[in-house]
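Participant:
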Amino acid sequence: MWNNVLLADAHDPGERLAAARADIEAEHRSYMNGSPSAIRLTVRPVPDRARLDVALGSARRPAARTVQLSVTDIDRALERRLSPLALIACVLANPGALTARDDFPEIRESLRPDPAWPPPREAGSVITELRDGLAANPDVVLLGSRGTRKTRIAARTAVLFEQDGAATLWLDMRDQGAGAETVAWQLLTATEHHHLLVVVNQMQARIGPTDRIVKFLWRLRAEFELPILVLGTGQPEITGRLRDTFKSFAQVPARAEVPTDDEQARTALYWFACPRLFEIEPLETVVRRRFPGEVLDRLRLEGRIVRRGSSYYLAAAQDPVRLIGALRGVPGTPEPGEYIWEYLKLAGAGEGRAPLERLDLLGFPGSARRPAEREGSHYLAPAWDLLFQLGRSLDAHCDTDPTWGDNVGAAVFAAEALAELGHHRQWARVAGYIRDRWSYGRSPELPEPVQGQSREMTDFVEIQQSMAIEDSLIDGTFLRADRLQLVHPLGRTGGVAEMRGEAIDITRFHRTWMLGVLLGFEGSALDRSPERIEALVGSATQACDLDGSFYPRRVAWVTARVVLGLCQVGLNRENSEVVRRACDWLLLPQRDGGPYGEWWKGGTGSWNRDEATTAMCVTALIRAGVDPRTPQLREALAWLRSRTAEWTRTDREIDLALVLEAILLGAEDWRSAYGRVLNLLHWANAEFRRVRQDQPDPRFVPEGALRAPFAAAQLATLVRVAVGRESAALLDEPPVPEPEVPRQRAAADPVTRLHGAQPGVRPQPSLQQWRQAAGEIEAALNGLVQSRAAALRQDRRGQADAVRARLRHYRQRLEQCQSLSAQLSHWTPAFVLDGLKQLGDEVLGPGWDDELSYPGQAPAAERDRG
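Here numbering that gives the first Met the number 0 is used: the first residue of the sequence shown is 0, the next is one more, and so on.
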């Protein structure tokens, strides 16, 4: 610090300048220990101008720049406890800083990861690529999504550079104190090396400061001719946000780490990480049905999972986002939403509801909605209740009529809903009827009914009549070949007449539609039959026209239905030529003979109108793997929005269900569909009650026999899709950059040099026991939060202010616990361990931590005073 300045005569500027010179040189020497410095400095007092001129340079450029410090600047630094080199660093990083600001920016080194941590198993080739890249290019960035262990890979790379004789500087952009001033201070206190590697970690956390740091390093490299290498890490989005800056960077992709060699353990960790996203603690009864006891015991001993009471859950030190990111891409691994949905169904109506109700109260972790917007946004728990009511209604109907009035279409949709809800007994009754009523085991023929047509064939007779009415309307107004082609796309070799209603082969039409419906049924079957699926896929391959359409070309929703069925058996546009061709045809513009013209026309009059057809095509394309951001799908979704008044009309429940699925799958504001999903659930339950009480339908509605079972199938899917999208949002939304705020200096100047020093202390008796203890604290806090939340739900008049205050308090403590737990490692900062101990005392009571300690720990009484 400014020891000599403090002793100098305050009224003698010359003496104060000489003292300041001595303090600057003394601090600089203390860091060098006789070695040459990376940035050399020569201090010259200028008494007549009451300032110091500090010449800064390097071995190659001895006088690259001069920094001027006035007596006033020195006094302000002394007042703010800013060390001499830290003052010079502020001016070097920002020459106008002293005149433009009333205070100094903060200078604080970032904690560097524990060098004892082993690198990820798959990181060897990535580290080699980074080192080779830095040998060829002074600027390299390691890019990867969350969970790819970029920080650990960069840390290991830095260690290897140090072993080769280089100096490394570590800057973590998640630290609000990380800025150009910190880099300047680190360089002023670094000794000379043949290379200076500057690691700028997690660049996406603060984009503006990242850009300034990189450009500052480039300026130092040019002006001082310093051998600076820049290694950045970040998510791929950073290169798009700072396109010009990253033009000169070599880019190296990070690959996800698989956290264990044991396949069963990997599967279990991934499974536990998925419900953790929703703050769900899986019941022991479900967990033990899912995994062998020895796998659970091993993961508990390793400190990866915790058992408390009747629940198991992922340990606090395990990052669910990282685990999912590491394992999500393994072939055959379900998406997180699928595992969460599976667990909720196994937990049952009551136990499955509890975590959903808590999420409705607290809001989704990581949701883009502001807290104020989350309050009162109750969707998942009511949807869950209504869905189970719907399941009971389906069961009751199947008890009396598993054939659904000999309507195989209605039976299939009911079976899909039963399968989604896991109702095995009733599903088996309906499935037996469907498989007996239709024959589809003889590829490549289309499926066909057994012993005469099933009842839904009458719908196709009415559809043909509706098509004829549509044709007559066109004939009576402006019959032109070009206009008719827009409504009824031409066949590959046929003309307009072949697409007219009276020319349609309704038997073939019906059987082709049933092909898609039966594919969906077998794809969702609870006793999946590879032989039946293979036969249906063979029929689809044969039935697909050369241009990719399915008969009839005039009716795009038939092609969409077959694509949906093929997707349900596991095919998509990447692994199926038939799906790819069908998708290409659906996206083909009308001017080129295709069906797309900003939306898709139904082609069947009042049956499956344009809104329903467009929604079905959008859903089919997205499920087949088409990016929802493609122009055609964005246009179609926008058109659907503009037609809200049509698809929300009474008696248009099928249209509503189809549109809601398209919005949930493809729209950016997909949560806007939640309210209407609840309305549709209420309608479906009321409709089943009407049918069960044998009340007549007050109106004739096309597709009337299909409405209730189809809505049931769609609703089960919609709730599952909502769970999946909430899960994906937690994993895939890039972090929102923090608002840029002036970085104020800390109370004291930096005292810990990470370069060449061990960061932190070793937790004793073991890191594993500390992680288990952190898990106990977190579990207890979760219980406290849940109990207060439950009490508030009973407070209808909003009078429980004390409970509300405690709920806020425990939420804050829970966040604090999770933050501290995430920093546990073989070398942990002492303040992290002290923080966990104090938190444990508050939550679990004194004496809970008798076995936990660390070297150099203060006595309990002293900690209490602190």
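Quick reminder that beta carbons are idealized off the backbone N, C-alpha and C, glycines included. Everything numeric in this text was worked out from a predicted model, so none of it was measured.
Whether or not the stretch 18 to 36 and the stretch 189 to 198 are in contact is what I'm after, with contact meaning three or more pairs of Cβ atoms, one per stretch, closer than 8 Å; do they touch?
Facilitator: Yes: the two stretches touch, three or more of their Cβ pairs being nearer than 8 Å.
Participant: Check whether the Cβ atoms of V276 and S726 sit closer than 8 Å, and answer yes or no.
Facilitator: Residue numbering aside, residue 276 sits at position 277 when the sequence shown is read from its first letter. Residue numbering aside, residue 726 sits at position 727 when the sequence shown is read from its first letter. It should be noted that the sequence gives Leu, not Val, for residue 276. Yes. Within cutoff.
Participant: Among the candidates S852, A711, L639, whose CA atom is the shortest distance from the CA of Q388?
Facilitator: As a working note, residue 388 is residue 389 in the sequence shown. Nearest option by C-alpha distance: A711.
Participant: Nearest to A135 by CA position, among F215, F248, Q317, is which residue?
Facilitator: Mapped onto the sequence shown, residue 135 falls at position 136. Ranking F215, F248, Q317 by Cα distance to A135 puts F248 first.
Participant: Counting only the same chain and skipping the five closest in sequence on each side, list residues whose C-beta sits under 8 Å from that of H422.
Facilitator: For the purposes of this step, residue 422 is taken as the residue at position 423 of the sequence shown. Correct list, in chain order: G390, L393, D394.
Participant: Do you know how far the Cα of P46 is from the Cα of D11?
Facilitator: To locate residue 11, count along the sequence shown from 1; it is residue 12. To locate residue 46, count along the sequence shown from 1; it is residue 47. Using only the alpha carbons, I get a separation of about 10 Å.
Participant: Tell me which residue opens and which closes the alpha helix (DSSP H) that D131 is part of.
Facilitator: Start at 1 with the first residue of the sequence shown, and residue 131 comes out as number 132. Segment 122 to 135, the alpha helix (DSSP H) holding D131.
Participant: How would you call H808, buried or exposed, if buried means at least 16 neighbouring beta carbons within 10 angstroms?
Facilitator: Taking the first residue of the sequence shown as position 1, residue 808 is located at position 809. H808 should be labelled exposed.
Participant: DSSP three-state call for T618: helix, strand or coil?
Facilitator: Residue 618 sits at position 619 when you count from the first residue of the sequence shown. Helix at T618.
Participant: Less than 8 Å between the C-beta atoms of E660 and A614, yes or no?
Facilitator: Within the sequence shown, residue 660 is the residue found at index 661, counting from 1. Within the sequence shown, residue 614 is the residue found at index 615, counting from 1. Contact: yes.
Participant: Count the other CB atoms, across all protein chains shown, that sit within 10 Å of the CB of K836; report buried if there are 16 or more and exposed otherwise.
Facilitator: For the purposes of this step, residue 836 is identified with residue 837 of the sequence shown, where counting begins at 1. Buried, because 16 or more other Cβ atoms sit within 10 Å of the Cβ of K836.
Participant: Would you mind sorting A644 into buried or exposed? The rule is 16 or more other CB atoms within 10 Å of its CB.
Facilitator: Here residue 644 corresponds to residue number 645 of the sequence shown, with the count starting at 1. Exposed, by the Cβ-count rule.
Participant: In whole angstroms, what separates the C-alpha of G13 from that of E841?
Facilitator: Locating residue 13 in the sequence shown gives position 14, where the first residue counts as 1. Locating residue 841 in the sequence shown gives position 842, where the first residue counts as 1. The straight-line gap from Cα to Cα measures roughly 56 Å.
Participant: For R527, report the span of its alpha helix (DSSP H) as first-last.
Facilitator: Numbered from its first residue, the sequence shown carries residue 527 at position 528. Careful: R527 lies outside any alpha helix (DSSP H) and carries neither H nor E.
Participant: Report all residues from its chain with a CB closer than 7 Å to the CB of A623; omit the five preceding and five following residues, and keep chain order.
Facilitator: Working through the sequence shown from its first residue, we reach residue 623 at position 624. V562, C566, N571, R572, V578, C582, listed in sequence order.
Participant: Among A272, S575, L677, whose alpha-carbon lies nearest the alpha-carbon of V536?
Facilitator: As a working note, residue 536 is residue 537 in the sequence shown. If we check each option's Cα against that of V536, S575 comes out closest.
Participant: Assign E850 to one of three DSSP states: helix, strand, or coil.
Facilitator: Indexing the sequence shown from 1 puts residue 850 at position 851. The answer is coil: DSSP assigns E850 none of H, G, I, E or B.
Participant: In chain order, what residues of the same chain lie with their CB nearer than 8 Å to the CB of M31, ignoring the 5 residues before and after it?
Facilitator: For the purposes of this step, residue 31 is taken as residue 32 along the sequence shown, with counting starting at 1. If we look at M31 and ignore the five residues flanking it on each side, its Cβ neighbours are T190.
Participant: Which same chain residues end up closer than 8 Å to D8 when comparing Cβ atoms and leaving out the 5 residues on each side of it in sequence?
Facilitator: For the purposes of this step, residue 8 is identified with residue 9 of the sequence shown, where counting begins at 1. So the list reads E14, R15, once near-sequence residues are dropped.
Participant: First and last residue of the alpha helix (DSSP H) that includes A623?
Facilitator: Here residue 623 corresponds to residue number 624 of the sequence shown, with the count starting at 1. Here A623 belongs to no alpha helix (DSSP H), and DSSP marks it neither H nor E.
Participant: Per DSSP, A54 forms a beta bridge with which residues?
Facilitator: Here the question's residue 54 lines up with position 55 in the sequence shown. Answer is T41, T65.
Participant: How would you call V658, buried or exposed, if buried means at least 16 neighbouring beta carbons within 10 angstroms?
Facilitator: For this step, residue 658 is matched to residue 659 along the sequence shown. Buried: at least 16 other Cβ atoms inside 10 Å.
Participant: Compare the C-alpha of E533 against each of E521, C543, D544 and name the closest.
Facilitator: The residue you call residue 533 lines up with position 534 of the sequence shown. Considering only alpha carbons, the answer is E521.
Participant: Could you check the C-alpha separation between L514 and L268 for me, to the nearest Å?
Facilitator: Within the sequence shown, numbered from 1, the residue matching residue 514 stands at position 515. Within the sequence shown, numbered from 1, the residue matching residue 268 stands at position 269. Their backbone Cα atoms lie some 39 Å apart in a straight line.
Participant: At which residues does the beta strand (DSSP E) containing I227 begin and terminate?
Facilitator: As a position in the sequence shown, residue 227 is number 228, starting the count at 1. It spans 227 to 233 - the beta strand (DSSP E) in which I227 sits, taken as one unbroken run.
Participant: When the distance is taken between beta carbons, is L228 closer than 8 Å to A272?
Facilitator: Taking the sequence shown and counting its residues from 1, one reaches residue 272 at position 273. Taking the sequence shown and counting its residues from 1, one reaches residue 228 at position 229. No. Outside cutoff.
Participant: When the Cα atoms are used, what is the spatial distance from D22 to Q67?
Facilitator: For the purposes of this step, residue 22 is identified with residue 23 of the sequence shown, where counting begins at 1. For the purposes of this step, residue 67 is identified with residue 68 of the sequence shown, where counting begins at 1. Distance between the alpha carbons of D22 and Q67 is about 16 Å.
Participant: Hey, is the stretch 59 to 76 in contact with the stretch 84 to 93, meaning 3+ C-beta pairs nearer than 8 Å?
Facilitator: Segments in contact, yes.
Participant: Spatial neighbours of T751 within its chain, please: C-beta separation below 6 Å, excluding the five flanking residues on both sides.
Facilitator: Within the sequence shown, the letter at position 752 stands for residue 751. Its pLDDT being 32, under 50, T751 is placed unreliably by the model, and nothing is read from it.
Participant: Looking at A153: is its Cβ nearer than 8 Å to the Cβ of L230?
Facilitator: For the purposes of this step, residue 153 is identified with residue 154 of the sequence shown, where counting begins at 1. For the purposes of this step, residue 230 is identified with residue 231 of the sequence shown, where counting begins at 1. Contact flag set, yes.
Participant: If I follow the unbroken alpha helix (DSSP H) through T647, where does it start and stop?
Facilitator: In the sequence shown, residue 647 corresponds to position 648, counting from 1. Unbroken run through T647: none, as it is neither H nor E.
Participant: Quick check on this structure: which residue in I433, I473, L420, A666 has the alpha carbon closest to the alpha carbon of T716?
Facilitator: If you number the sequence shown from 1, residue 716 lands on position 717. That would be L420, whose Cα lies nearest to the Cα of T716.
Participant: Can you tell me which of the three DSSP states E447 falls into?
Facilitator: Translated into the one-based positions of the sequence shown, residue 447 becomes position 448. E447 falls in the strand class under three-state DSSP.
Participant: Ignore the nearest five residues each way along the sequence and tell me which others in T402's own chain have a CB closer than 7 Å to its CB.
Facilitator: Taking the sequence shown and counting its residues from 1, one reaches residue 402 at position 403. A410, Y432, listed in sequence order.
Participant: Looking at V139 and L170, is the spacing between their C-beta atoms short of 8 Å?
Facilitator: Indexing the sequence shown from 1 puts residue 170 at position 171. Indexing the sequence shown from 1 puts residue 139 at position 140. In this structure, V139 does not lie closer than 8 Å to L170 by Cβ.
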